[in-house]
Amino acid sequence: MTGDSALQPLAGLRVLIAEDQYMIAAELRRLLEGEGIVIVGPFSTVANALSANEEPVDVALLDVNLHGLAVFALADDLSRRGIPYGFATAYETAALPLAYQAVPRVEKPVTASALLRLLGVLAAQKGGVQRGAVTS
Amino acid sequence: MTLLSTHATTGESHRSWNVSEHDQPRATALTDTIKGPAETAAHIVATGSVPLDLAARVAARYTPDHLVVDGMQHIVARSRGAARFLRGTEAAGLVLDVIHGHLREVVASLLRDAVKGRLPVRRHCTTPGGLALEIVIERLPQDVGADQFVILFLEPPRASPDQGLRGDARPVARQEGRPDAGRFRRMTDLVPVILFTMTPDLVIDHANHAFCLFTGLTSDPPNRLVWDAVLHPADREENRRLWAAAVEAGVPFEREHRLRAADGSWRWHLTRCVPQYHEDGQLLNWLGSSIDIHQRRRAEARQRLLLTELQHRSKNILAVVRSLLSRTLASSTDIDDFAAHLSGRISALARTQGVMARTADGAVGLEELAHQEVMAHGGQESLQVTIEGPPVMLTDKVAETLGLALHELTTNALKFGALSAPHGRVLLTWERTRTRADPEDAGPPTSPVDARSGDAVPVCEVSLVWQESGIAVSPASVGASGFGRELIEQGLPYELGGQTEMAFEPDGLRCEIRFPLLAERDGGPFADFPA
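In structure tokens:
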């Protein structure tokens, strides 16, 4: 599976996950931990994720709709902190507010290859330098 | 206004370039509508001769608009009113270069026929503004202009005052001061649709009763209103752009936009305006109407939202099914075990979806959810299972997970627990407990939404107990399904933000689930964000 993430080696990458459904969050965790990725969370609400903003994070993977609420408050907070994020969502791009339509996304149901590709893109945005400390 | 009568009148009069004998009695009869010195009218009657400027004005009114073109199709002369059939300010040049786009094809084909010598040639057409025209091309008499053609723009007769504004885009005479204007206004006041007229610079100079009623503005005496007074700020720019295009092309304006009601609210309207021209081709005014289409717009918006949510939910449930599949696969001993468990879990999801589909807002009653799960497995409530609790409505995701948890509890009880023996009993009860955020509690009222994250804060807590009895607990029943335990002990707290407790008491399993109930929000998850 690592072959899919040719852009960046993903082992050691710290990925924050916001996903309100346990079944999906647990599957994401199994999948990503199998790649050596470190999971921050997963968080089922925006409030929980925001209250953990002391934790070091490289990139973030966000479900757009958390229990009927938009994840954008968290997305904006990540932007301010310079943390690249992507959406894992069942919403069509056109259904999202204009300001978030350019955010990279994978569509649910998520496939492993699409997910790892997205994380590779986000990790490249973040740059390899900062997370060198984690991997070494 | 039959075209037949048009031909009868104009067909005779246009041959003469001045007031013909035929027209003179009519000219005399109508002098009261021509604003000139009273003596002039008397002069005509008395002497039968016509002063030059009056002759020109009468000619302008009773001869059709026309262009004179030479053999090379250059315009060499035109009537004043013909300018409205030409583009912009261009007055000379090749006729096909300067004539309005919507007339070019008709005129070009007529000119081709004219060159072939089959004269006169004529064709009916309608301008985008709704003006019915007959275009006729004739050769000028040799003594007037050799090798020259005249292009005539014949219109149906003008509306008489009695006809009011029946012909919407035809030239009409000014209404002021006519006895019929009052009657016309009274009629417009009866219509439950906003009607108004605007000056060429788009100032509302008359509005009917419906307009005043809706906007709370008065028009008697007529107010001079600019659109910005009633138009939603977000719609103004696009409105200006469309107006500029409509004015430029001389075509009707049509647009859906928001207008401000007297109470300050905004309601969607469909506004249509058509231009009216003076007989000399100058824009007289615009006639407009606005129909309230707010209900339709709301229904459309709601439908869009529902469609989006439907697509989202169907893909999301597939994602859940996929996770279920991989999780079930990981904990299955063989393919039959896998198939049985997966099928049972998908059925539980389907039942929850079914309950959701039966309620208008997609909310699920806890009691119905519990009944569904127990009944689906052949459990007979009256004999072995008791379900009891106050009404609690669950959101879709909470219902999905709780339904799955109840499914796991039921299948476990059927295989190893209280429902595996006839004397076993299950008591499923729940109660609502108030939390601090409950408005009935003492203390300052709190907002139901967290200020920072926008998350809903709980309005109350639900405490649900699954209590089995009547059987001796065998160690085999403990944690029979790894997935069931994981879902109850980890999944429910994760999703519902509550606590769960599973205990194996002397005569059966006891499972307690406590979770906060969140306030519902309207308008979908993106209601607060610009689309």
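Residue numbers (my numbering), protein chains in the order written: chain Z, 90 to 225; chain Y, 444 to 974. Glycine is no exception: its CB is placed at the ideal position from the N, C-alpha and C atoms.
Rounded distance between the beta-carbons of residue j and residue i, thought under 8 Å
i, j, result
"Leu553/Y", "Leu576/Y", "So it is not a contact: roughly 12 Å between Cβ atoms."
"His700/Y", "Asp735/Y", "The pair is not a contact, with the Cβ atoms about 12 Å apart (cut-off 8 Å)."
"Leu730/Y", "Cys716/Y", "7 Å"
"Val807/Y", "Ala842/Y", "4 Å"
"Thr751/Y", "Ala184/Z", "4 Å"
"Phe696/Y", "Ala705/Y", "At roughly 24 Å, the Cβ-Cβ gap does not stay under 8 Å, so Phe696/Y and Ala705/Y are not in contact."
Whole-angstrom distance between residue j and residue i, CA atom to CA atom
i, j, result
"Gln110/Z", "His156/Z", "9 Å"
"Met515/Y", "Gln585/Y", "17 Å"
"Leu852/Y", "Gly927/Y", "7 Å"
"Ser863/Y", "Gln827/Y", "11 Å"
"Leu546/Y", "Arg527/Y", "11 Å"
"Val512/Y", "Ile578/Y", "14 Å"
"Phe161/Z", "Val195/Z", "17 Å"
"Thr640/Y", "Ala793/Y", "59 Å"
"Asp780/Y", "Leu772/Y", "9 Å"
"Leu785/Y", "Leu837/Y", "24 Å"
"Ala535/Y", "Leu674/Y", "41 Å"
"Gly787/Y", "Glu811/Y", "18 Å"
"Arg868/Y", "Asn855/Y", "13 Å"
"Asn651/Y", "Arg555/Y", "49 Å"
"Leu685/Y", "Leu187/Z", "24 Å"
"Thr506/Y", "Arg698/Y", "37 Å"
"Glu691/Y", "Arg683/Y", "12 Å"
"Leu163/Z", "Leu121/Z", "21 Å"
"Arg740/Y", "Ala203/Z", "38 Å"
Local Cβ density within 10 Å of residue i, reported as buried at 16 or more and exposed below that
i, result
"Gly707/Y", "exposed"
"Leu208/Z", "buried"
"Gln719/Y", "buried"
"Leu633/Y", "exposed"
"Leu205/Z", "buried"
"Leu211/Z", "buried"
"Asp839/Y", "buried"
"Lys559/Y", "exposed"
"Val921/Y", "Residue placement at Val921/Y is flagged as unreliable, the pLDDT there being 48, under the threshold of 50; the coordinate-derived value follows with that caveat. That one is exposed."
"Gly216/Z", "exposed"
"Val521/Y", "Reading the sequence as shown, one finds Arg at residue 521/Y and not Val. Buried, because 16 or more other Cβ atoms sit within 10 Å of the Cβ of Arg521/Y."
"Ala687/Y", "exposed"
"Leu749/Y", "exposed"
"Thr569/Y", "exposed"
"Leu497/Y", "buried"
"His649/Y", "buried"
"Thr876/Y", "exposed"
"Ala213/Z", "exposed"
"Val550/Y", "buried"
"Glu108/Z", "buried"
Proximity below 8 Å, CB of residue i to CB of residue j
i, j, result
"Ala861/Y", "Ile914/Y", "yes"
"Asp955/Y", "Glu944/Y", "The identity of residue 955/Y in the sequence shown is Glu, whereas the question assumes Asp. Yes, the Cβ-Cβ distance between Glu955/Y and Glu944/Y is below 8 Å."
"His509/Y", "Val587/Y", "no"
"Ser790/Y", "Ala762/Y", "no"
"Ser732/Y", "Leu638/Y", "yes"
"Ile128/Z", "Val153/Z", "no"
"Ser133/Z", "Glu938/Y", "yes"
"Tyr933/Y", "Arg957/Y", "As written in the sequence, residue 933/Y is Gln, which differs from the Tyr given in the question. Contact: no."
"Leu849/Y", "Ala800/Y", "no"
"Arg710/Y", "His737/Y", "yes"
"Thr829/Y", "Leu857/Y", "no"
"Glu911/Y", "Leu845/Y", "no"
"Phe176/Z", "Val199/Z", "no"
"Leu99/Z", "Glu124/Z", "yes"
"Pro131/Z", "Ile106/Z", "yes"
"Tyr180/Z", "His755/Y", "yes"
"Thr182/Z", "Gln190/Z", "yes"
"Arg523/Y", "Asp723/Y", "yes"
"Ala624/Y", "Val636/Y", "no"
"Glu581/Y", "Pro563/Y", "yes"
"Gly925/Y", "Ser774/Y", "yes"
"Leu847/Y", "Val905/Y", "no"
"Val835/Y", "Gln815/Y", "no"
Flag this pair as touching only if the region 653-662 of chain Y and the region 745-758 of chain Y have three or more C-beta atom pairs under 8 Å; answer yes or no.
-> no
The region 751-768 of chain Y in contact with the region 104-115 of chain Z per 3-pair CB rule at 8 Å | yes
Is the region 536-543 of chain Y in contact with the region 625-636 of chain Y, if contact means three or more CB pairs nearer than 8 Å?
-> no
Say whether the region 134-148 of chain Z touches the region 160-169 of chain Z, bearing in mind that this needs 3 or more beta-carbon pairs closer than 8 Å, one atom from each stretch.
-> yes
Are at least three pairs of beta-carbons, each pair with one atom in the region 641-648 of chain Y and one in the region 667-685 of chain Y, less than 8 Å apart?
-> yes
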